[in-house]
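Novice: Going down the list, the sequences are from chains A and B. Here UniProt numbering is used: position 218 in the first sequence is 218, and no number is missing along the way. Here UniProt numbering is used: position 8 in the second sequence is 8, and no number is missing along the way. Beta carbons are placed, not taken as given, at the ideal position from N, Cα and C, and that holds for glycine. The structure displayed is predicted, hence computed values, not measured ones.
Protein chains: 2
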Amino acid sequence: MADILRVGVAGLGTVGASVVRLLQRQREALAARTGREIRLVGVSSRDKAKDRGVDLSGAAFFDDPAALAASQSIDLFVELIGGAEGAARKSVETALAHGRSVVTANKALLAAHGAELAALAEEKHAALAFEASVAGGIPIVKTLREGLAGNSIERVYGVLNGTCNYILSRMELERLSFSDCLTEAQRLGYAEADPTFDIGGFDTAHKLAILASLAFGTRIAPEAVDIEGIEHVTLADIDAAAELGFRIKLLGVAQRTAQGIEQRVHPTMVRKTTSIAQVMGVTNAVTIDADAVHELTLVGPGAGGDATASAVVADIADIARGVRSAPFGLPSASLRPCERTPVQRHEGGYYIRLSVPDVPGAFAAIATRMAERKISLESIMQHGARAAGRSAEAPVGVILITHATTELMVREALDAILADGTIAEPAQVIRIERE
Amino acid sequence: MADILRVGVAGLGTVGASVVRLLQRQREALAARTGREIRLVGVSSRDKAKDRGVDLSGAAFFDDPAALAASQSIDLFVELIGGAEGAARKSVETALAHGRSVVTANKALLAAHGAELAALAEEKHAALAFEASVAGGIPIVKTLREGLAGNSIERVYGVLNGTCNYILSRMELERLSFSDCLTEAQRLGYAEADPTFDIGGFDTAHKLAILASLAFGTRIAPEAVDIEGIEHVTLADIDAAAELGFRIKLLGVAQRTAQGIEQRVHPTMVRKTTSIAQVMGVTNAVTIDADAVHELTLVGPGAGGDATASAVVADIADIARGVRSAPFGLPSASLRPCERTPVQRHEGGYYIRLSVPDVPGAFAAIATRMAERKISLESIMQHGARAAGRSAEAPVGVILITHATTELMVREALDAILADGTIAEPAQVIRIERE
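#1: Under 8 Å, do residue 251(B) and residue 159(B) count as touching if we go by C-beta distance?
#2: Report the residue from 214(A), 343(A), 378(A) whose alpha carbon sits nearest the alpha carbon of residue 143(A).
#3: Just grab the DSSP bridge partners of residue 79(B) for me.
#4: Would you mind listing the alpha helix (DSSP H) stretches within the stretch 15–39 of chain B that are 4+ residues and don't spill past its ends, in chain order?
#5: Buried or exposed, going by whether 16 or more other CB atoms sit within 10 Å of the CB of residue 336(A)?
#6: Hey, does residue 133(A) have any beta-carbon neighbour from chain B nearer than 8 Å?
#7: For residue 65(A), which residues of its own chain have a beta-carbon under 7 Å away from its beta-carbon, when the five flanking residues on both sides are left out?
#8: What residues of chain B sit near residue 317(A), judged by a beta carbon separation below 9 Å?
#9: What does the Cβ neighbour count give for residue 237(A), buried or exposed, with the cut at 16 atoms within 10 Å?
#10: Please state whether DSSP places residue 294(B) in a helix, a strand or coil.
#11: Taking 8 Å as the limit between beta carbons, can you name the residues of its chain near residue 200(A), skipping five residues before and five after?
#12: Would residue 233(A) be called buried (16 or more neighbouring beta carbons within 10 Å of its own) or exposed?
#13: Mind listing the chain A neighbours of residue 138(B)? Cutoff is C-beta to C-beta under 7 Å, in chain order.
#14: Comparing alpha-carbon positions, which option in 311(B), 62(B), 121(B) lies nearest residue 327(B)?
#15: Measure the alpha-carbon distance for residue 255(A) versus residue 291(A) and round it to whole angstroms.
#16: Is the beta carbon of residue 402(A) closer than 8 Å to that of residue 425(A)?
#17: For the stretch 204–272 of chain A, list the alpha helix (DSSP H) runs that are entirely contained and at least 4 residues long, ordered along the chain.
#18: Output, in chain order, the set of chain A residues within a Cβ distance shorter than 7 Å of residue 143(B).
#19: Given a cut-off of 8 Å on the beta-carbon distance, is the pair residue 412(B) and residue 373(B) in contact?
#20: Hey, does residue 327(B) have any beta-carbon neighbour from chain A nearer than 8 Å?
#21: Residue 380(A) by DSSP, collapsed to three states: which one?
#22: Can you check whether the C-beta of residue 33(B) is within less than 8 Å of a C-beta belonging to chain A?
#23: Answer with yes or no whether the minimum CB distance from residue 211(B) to chain A is below 8 Å.
#24: Could you tell me which chain B residues have their CB closer than 9 Å to the CB of residue 173(A), listed as they occur along the chain?
#25: Answer with buried or exposed for residue 259(A), where buried requires no fewer than 16 other C-beta atoms within 10 angstroms of its C-beta.
#26: Are the stretch 173–180 of chain A and the stretch 241–248 of chain A touching by the rule of at least three beta carbon pairs closer than 8 Å?
#27: Given this structure, state the Cα-to-Cα distance separating residue 331(A) from residue 270(A), to the nearest angstrom.
#28: From the DSSP secondary-structure annotation, give me the bridge partner or partners of residue 43(A).
#29: Using a 10 Å radius around the Cβ and a threshold of 16 neighbouring Cβ atoms, would you call residue 77(A) buried or exposed?
#30: Compare the Cα-Cα distances from residue 262(B) to each of 220(B), 283(B), 138(B) and report the closest residue.
#31: Name the residues in the stretch 340–358 of chain A whose C-beta lies less than 9 Å from a C-beta of chain B; which are they?
#32: If we count the other Cβ atoms within 10 Å of its Cβ and call it buried at 16 or more, is residue 333(B) buried or exposed?
#33: Using CA atoms only, rank isn't needed, just tell me which of 34(A), 399(A), 38(A) is closest to residue 4(A).
#34: Does any C-beta atom of chain B lie closer than 8 Å to the C-beta of residue 306(A)?
#35: Report yes if the C-beta of residue 406(A) is less than 7 Å from at least one heavy atom of the ligand ATP; otherwise report no.
#36: Going by beta carbon distance, what residues of the same chain come within less than 6 Å of residue 376(B), once the five residues before and after it are set aside?
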């Protein structure tokens, strides 16, 4: 049997404690699989005294995670501190600079500094592995980097944030408002007290940027992601989607286009029959379109201590077996820049919900403005038809589904319709993702 | 850049031609990803002259695949001949005996000789990779062997045969009989002229045996798989399943039980809401239940030249990068024997369809026999209720759904009911797979 792999773990929150437990529980199996003993020799956390229900007796305690990262007592540094800067960044840089391999679950760190860290790892012949940073227990990083190595990838998209998917699922299944569902998610611990990072789409954007880099061989570029959250999705939209055979999901989508790599996060209409549409609650899913494999979908837990630890431990096992992949699939000098593709160029179908006064000519005025931009309509649906006792001019909901067009044309047409006075308030626009 | 990896491909059918095309199309990307040029230097096939629409100008032609396998001109032998014996077996053994790594898509060969071939590869320090042998383009071998290395796997199950899934999907969607769907599948090339291997469940059993070995660290044991095909599934079963919220799939299931590893292939009731149930047509899907990741599902193309070639090329790329995993995840000496678990011990819920004369006391007689074996019923549904003009004693369809019990109890109860004369013909029994 080869040398022992000596592991240091910094950060003993839910994931860190699960990693320690898993390494202990699977000690024999991991040794058999990797040919080496994997031994926890050091830990670091903010509170040394806290009882985490795990046995840390064999591990030295370090107050400073960077000191653990620099320690000659370890071969591999596991960073589970979190955050793009501070202790996480410093300790990962320290470990790599000392030529020690790093496993991290830290998407924010990778989004901000992934390309530089990959270059440092390469220079020092160390591994930098981050399966746990995207979609929790789903082995999507390995799949993109290794499992689809023979493919040219066209698109990668998915449900990458459990909080948002939980809220959207609850809205549909329980017919609750966005804010009611958010409150419930906070009560259950599925959403933070300040939920902006999740519901605003920023968490999804970090994960998407990692996937895009792996899929397209580009330098990670979170600043090139166009981001829209789920705050403005209403029950009316969810109902209309259901009636039309769609479901609304917050998707991260990265796609090869003639203009470059398009990266976007937004509420999206997906056909109910697709694998992605079936994913409810806190589950995550990622679909890859590629030239050889066509379509591949992975569905699994996007968060949780054990599921995330599963990904961390798989990375540790790969490193124990001596696997050294380029972190983003290609040598970092070969990663191409990822330019921001203007979202105005986005091509696809659109769902548009308008509040239209129920007066003669309103439909015609809308259709004319659409036709002027060569937008053709797949369907028009009127919601909330005139009821007894209702004022004749009270607005009714009108849903348009367009054939493929560009974002620019849609925005121009809606601006014109608003300027005409045909509608009193801006339209709700949700992109439709093709299958 | 490291040495060129020189590849020989034996078998130039649909998959072989796709592999050659993919290696050529992705030449630069593969070199960037693996750090080596991957070069096709030799091929072998039955018909040298046949035009396959691929450029073979740089590759030497070998009439005998074993001669290609033995040739010093190659580093890696790709076996796409098929069959458990003959040229496939001989050439793979030859390549490994010469210390050359092997990539194969041949499930029959692995099912019959996988353990011996793995031991030979290990002895010679060569790789033996077979991602393409199970579920086509889905990276399930890599996921089980590497991506879930930190997990103890409880169950792996899936839709592993596109022909069967196509037929069952068509029966449901088009309301056609089994034989009509089979004829159509044959016309479309989804089923062989002799379809026994697919519809009888044998193809699924080969694939399941490979997955079970990877999941449980056992020696591959196709002879320990309990096999039942889809020939006896009727439209009446499919309708009843739909009414009860189920769908019928031919599943391969390998499961850790107190008695050992249970491996079985049979038509199965799965709840419509599960990921597996959503998989229609020729698509494949595999779900893994494991202690850390809980549930993970992979969905993708189970066959087809390009999708299978995607898996073959991923294996080639891993070998180019120097990855040497134990073929079945563990050193072959550590693989434990896989005893056949008697299916009488299988525990679960059951769907039972009986044809019962519509006479007083029939229900009571059935319920009594069930109760004697402590089988409790979740639901009882009567189908084809008495219609005007119908004879009072004409049989009606009765569907029972049981709570968890054992196969033995169910078989005993049904034998007793048949012996009592309560039913005139044997019952249809379909196992329910828990979520």
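Specialist: So, from the data block:
#1: In this structure, residue 251(B) sits near residue 159(B), with a CB-CB distance shorter than 8 Å.
#2: The shortest Cα separation from residue 143(A) among 214(A), 343(A), 378(A) belongs to 214(A).
#3: Residue pairing for residue 79(B): DSSP places it in a beta bridge opposite 10(B), 104(B).
#4: With a minimum length of 4 residues, the continuous alpha helix (DSSP H) runs that stay inside the stretch 15–39 of chain B are 27–34.
#5: By the beta-carbon neighbour count (other beta carbons within 10 angstroms, threshold 16), residue 336(A) is exposed.
#6: For residue 133(A), the nearest beta carbon of chain B is not closer than 8 Å to its own beta carbon.
#7: Here the set comprises 10, 44, 81, 87, 91.
#8: Listed along chain B, the residues sitting closer than 9 Å to residue 317(A) by beta-carbon distance are 146, 149, 150.
#9: Of the other Cβ atoms in all chains shown, 16 or more fall within 10 Å of the Cβ of residue 237(A); this residue is therefore buried.
#10: Residue 294(B) carries a strand assignment under DSSP once its states are collapsed to helix, strand and coil.
#11: Correct list, in chain order: 227, 229, 231.
#12: Looking at its Cβ environment, which holds 16 or more other Cβ atoms inside 10 Å, residue 233(A) is buried.
#13: Those are 296, listed as they occur along chain A.
#14: Among 311(B), 62(B), 121(B), the Cα nearest to that of residue 327(B) is on 121(B).
#15: The alpha-carbon atoms of residue 255(A) and residue 291(A) are separated by roughly 13 Å.
#16: Their beta carbons are not under 8 Å apart, which means residue 425(A) does not touch residue 402(A) by this criterion.
#17: Within the stretch 204–272 of chain A, the complete alpha helix (DSSP H) runs of at least 4 residues are 235–243.
#18: By Cβ distance, chain A contributes 139.
#19: Yes, the pair counts as a contact, with Cβ atoms nearer than the cut-off.
#20: With its beta carbon at least 8 Å from every one in chain A, residue 327(B) lies outside the interface.
#21: In the structure shown, residue 380(A) adopts extended strand secondary structure according to DSSP, grouped into three states.
#22: It does: the Cβ of residue 33(B) has a partner Cβ on chain A nearer than 8 Å.
#23: So no, residue 211(B) is outside the interface.
#24: Near residue 173(A) there are no residues of chain B at all, since even the closest Cβ is about 11 Å away, more than 9 Å.
#25: It counts as exposed.
#26: As far as the Cβ criterion goes, the stretch 173–180 of chain A does not touch the stretch 241–248 of chain A, which means the pair count is below three.
#27: In this structure, the straight-line span from the alpha carbon of residue 331(A) to that of residue 270(A) is close to 35 Å.
#28: Partner(s): 9(A), 61(A).
#29: The residue in question, residue 77(A), is buried, as its Cβ has 16 or more Cβ neighbours within 10 Å.
#30: Nearest C-alpha to residue 262(B): 220(B).
#31: Residues are counted here when their Cβ sits less than 9 Å from a Cβ of chain B; for the stretch 340–358 of chain A the count is zero.
#32: Flag for residue 333(B) reads exposed.
#33: Nearest of 34(A), 399(A), 38(A) to residue 4(A), Cα basis: 38(A).
#34: It does; some Cβ of chain B falls within 8 Å.
#35: The ligand ATP is absent from the structure shown, which contains no ligand whatsoever.
#36: 403.
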